[in-house]
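The next block holds one structure in the form of structure tokens; read it before the comments.
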Amino acid sequence: MRTLWTIILVLIAPLALASDSQLIKIDDDHLQMGTSQSDLGEVYRIPPTQSLIIDASDYQFIYVEERKTRVPNTIMVLTADKKRYFLEWKDGIYKYTLSPETLTDGANTFHGFVSGESTMLAIGSRLVGKKGPEMKIQWLGLVQTE
Numbered sequence: 001m002r003t004l005w006t007i008i009l010v011l012i013a014p015l016a017l018a019s020d021s022q023l024i025k026i027d028d029d030h031l032q033m034g035t036s037q038s039d040l041g042e043v044y045r046i047p048p049t050q051s052l053i054i055d056a057s058d059y060q061f062i063y064v065e066e067r068k069t070r071v072p073n074t075i076m077v078l079t080a081d082k083k084r085y086f087l088e089w090k091d092g093i094y095k096y097t098l099s100p101e102t103l104t105d106g107a108n109t110f111h112g113f114v115s116g117e118s119t120m121l122a123i124g125s126r127l128v129g130k131k132g133p134e135m136k137i138q139w140l141g142l143v144q145t146e
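Okay, so the sequence shown: first residue is 1 according to the working numbering, each after it adds one.
Structure (structure tokens):
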């Protein structure tokens with residue numbers, strides 16, 4: 001009987017953990033960088049969750065002249081309460097988990113994706129400009145938590 005419960009737990013545990021995170025694909029269909037309101041992409045709609053996995057493995061980012069590359073170096077999450085959280089992008093890695101454990105702003109803890117809130121996701125290149133840090137956005141998306 002103990003063996004049966006062990007087998008059941010081994011088979012069910014990954015399914016339970018997977019339901020805690022949502023996965024979205026970074027693509028042009030969801031790009032929010034149009035020149036007019038009608039050019040804006042679709043909005044991602046997800047249930048409330050503590051973590052969101054983004055997958056950019058099939059996405060071609062725009063070239064950033066200042067860095068001479070298409071490879072971003074930062075993911076920024078802008079929450080409804082105007083807090084900005086950051087995660088370093090590493091060359092060759094295309095899947096990232098956005099969660100309280102991975103996102104930082106130096107002072108506040110990311111609270112996850114809360115029901116009824118809209119969250120902006122920006123992927124790009126953080127640079128030190130003449131007026132201080134700036135971000136050259138290479139992809140921008142909107143997540144609506146249902």
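The C-beta atom is built at its ideal place from N, Cα and C for all residues, glycine as well. Here the structure is a predicted model, which means the values were calculated and not measured.
Looking at the secondary structure, which residues open and close the beta strand (DSSP E) in which residue i lies?
i    : result
W139 : 132 to 145
D55  : 51 to 55
M23  : Before going further, note that residue 23 is Leu rather than Met in the sequence given. It spans 21 to 25 - the beta strand (DSSP E) in which L23 sits, taken as one unbroken run.
M151 : For residue 151 there is no data in the structure shown, the boundaries of the chain being 1 and 146.
I93  : No beta strand (DSSP E) holds I93; DSSP gives it neither H nor E.
Y44  : 44 to 46
G41  : Segment: none, G41 is in no beta strand (DSSP E) and carries neither H nor E.
S115 : Run containing S115: none; DSSP gives neither H nor E here.
CA-CA distance, residue i and residue j?
i    : j    : result
E42  : I26  : 11 Å
T97  : S57  : 14 Å
W139 : E101 : 23 Å
Q32  : P72  : 17 Å
D91  : H30  : 22 Å
L87  : K95  : 12 Å
Q60  : E66  : 18 Å
G129 : T104 : 22 Å
D28  : T69  : 19 Å
G132 : S21  : 35 Å
T74  : V64  : 13 Å
L4   : I62  : Summary for L4: the model assigns pLDDT 43, below 50, so the residue's position carries little reliability, and this model does not support an answer.
Would you kindly check if the distance between the Cβ of residue j and the Cβ of residue i is under 8 Å?
i    : j   : result
I123 : W89 : yes
F113 : L23 : no
S125 : Q50 : no
Looking at residue i and the ligand ADP, is the gap between the Cβ and the nearest heavy atom below 7 Å?
i    : result
L140 : For the structure depicted, the ligand ADP is absent and the ligand set is empty, with no information on it obtainable.
message = With three or more C-beta pairs closer than 8 Å as the rule, is the segment 78 to 86 touching the segment 111 to 125?
response = yes
query = Would the segment 31 to 46 and the segment 138 to 145 be scored as touching if the rule is three or more Cβ pairs under 8 Å?
reply = yes
Stretch-stretch touch, CB-based, cutoff 8 Å, three pairs: the segment 82 to 93 with the segment 27 to 39 = no
query = Can you list the beta strand (DSSP E) stretches of 3 or more residues lying completely in the segment 56 to 108, in chain order?
reply = 74 to 78, 84 to 88, 95 to 98
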